[in-house]
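*Asks:* This is the structure I have questions about; it appears just below.
Residue numbers (the working numbering): 133 to 258.
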């Protein structure tokens, strides 16, 4: 029997069986890549509704999206409804933040990070 170390995200990354579930297809890699075509920075937030650190980060990510909308596009992607995309992109835990500039990933963070840490990354690329 395989243990569930690392949670459901790790389980899916290892292609282990999910009995009784129909994994959501969600967004395709092509659709994801279209999100990155922007003259602004693109901050992708991979989250899940059950993820406590994700919930703690949501308010300040929403604030960043509102206050910096001319410079930064914040996109939240639910890992549960986009499980195939997460597997293909190698998202192995939550929360994951990925920052893109000119379609290139310039930063990634796994786990909780406070608003100052995110702002530091954004400010260093303006």
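Each residue gets a CB set at the ideal place from its N, CA and C atoms; glycine is no exception.
Who are the Cβ neighbours of residue 241 in its own chain at under 6 Å, not counting the five residues just before and after it?
*Replies:* 229
*Asks:* Can you tell me which of 236, 196, 186 puts its alpha carbon nearest to the alpha carbon of residue 212?
*Replies:* 186
*Asks:* Closest by CA to residue 175, which one among 219, 184, 192?
*Replies:* Closest option to residue 175, judged by alpha-carbon separation, among 219, 184, 192: 192.
*Asks:* Looking at the structure shown, is residue 161 part of a helix, part of a strand, or coil, going by DSSP?
*Replies:* Note: residue 161 maps to helix in three-state DSSP.
*Asks:* Could you compute how far the alpha carbon of residue 256 sits from the alpha carbon of residue 208?
*Replies:* 22 Å
*Asks:* When you compare each of 181, 172, 179 to residue 234 by their alpha carbons, which one comes out closest?
*Replies:* 172
*Asks:* In its own chain, which residues sit with a C-beta less than 8 Å from the C-beta of residue 254, not counting the 5 before and 5 after it?
*Replies:* 173, 175, 196, 200, 203, 204, 231
*Asks:* Which runs of the beta strand (DSSP E) spanning at least 3 residues fall entirely within the region 151-234, listed in chain order?
*Replies:* 173-179, 204-210, 228-233
*Asks:* Quick one: what does DSSP say residue 236 is sitting in, helix, strand or coil?
*Replies:* strand
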